[in-house]
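Notes follow the structure.
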Amino acid sequence: MTWFKLEDSFFWTMTTNGFRVGNQNYLSDGTITSYEMQPKKAIFDISTTMIHLPQFVGEQIIGLVLRKVNYFDLGGYFAVPCDTTFYDSVFFMV
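The numbers in the sequence shown follow numbering that gives the first Met the number 0, run straight up by one, and end at 93.
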């Protein structure tokens, strides 16, 4: 476990410099799963599974994480199966 200093006393805010979905930078079909980006603020809600990210970052992550499952898009919220074996881990670069 790694501890990070929060940037805002009201929200659990950190700056992210990129992310990776899964354990590799590319899928077998060549899909990129690792992105570096200009630093962006993210809010991590520690009492739920919610993370507030810039829209383009969230869309990239959701597209990669949900590529193996059937889900319902509820306007930015997604109803997904609870079986965690369907999902790759998401790593944030800070």
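Every residue, glycine too, gets a C-beta built ideally from N, C-alpha and C. Here the structure is a predicted model, which is why all the values come from computation and not from measurement.
Check whether residue i and residue j have beta carbons under 9 Å apart
{"i": "F77", "j": "Y86", "result": "no"}
{"i": "V89", "j": "R19", "result": "yes"}
{"i": "T30", "j": "M92", "result": "no"}
{"i": "T84", "j": "K40", "result": "no"}
Whole-number beta carbon distance between residue j and residue i, since they are thought to touch under 8 Å
{"i": "E35", "j": "G62", "result": "So it is not a contact: roughly 17 Å between Cβ atoms."}
{"i": "H51", "j": "I60", "result": "Not a contact, Cβ separation roughly 12 Å."}
Reference residue i, options the options, closest by Cα
{"i": "T32", "options": "E58, V79, T84", "result": "E58"}
{"i": "D82", "options": "G74, L52, K67", "result": "K67"}
{"i": "Q37", "options": "F55, V79, P80", "result": "F55"}
{"i": "F10", "options": "S27, G21, D44", "result": "D44"}
Cross-strand partners of residue i (DSSP beta bridge)
{"i": "T83", "result": "The partner list for T83 (beta bridge, DSSP) is empty, contrary to what the question assumes."}
{"i": "K67", "result": "Paired residues: none, contrary to the question."}
{"i": "M92", "result": "G17"}
Proximity test, Cβ basis, 9 Å: residue i and chain B
{"i": "I50", "result": "In the structure shown, chain B does not exist; there is a single protein chain."}
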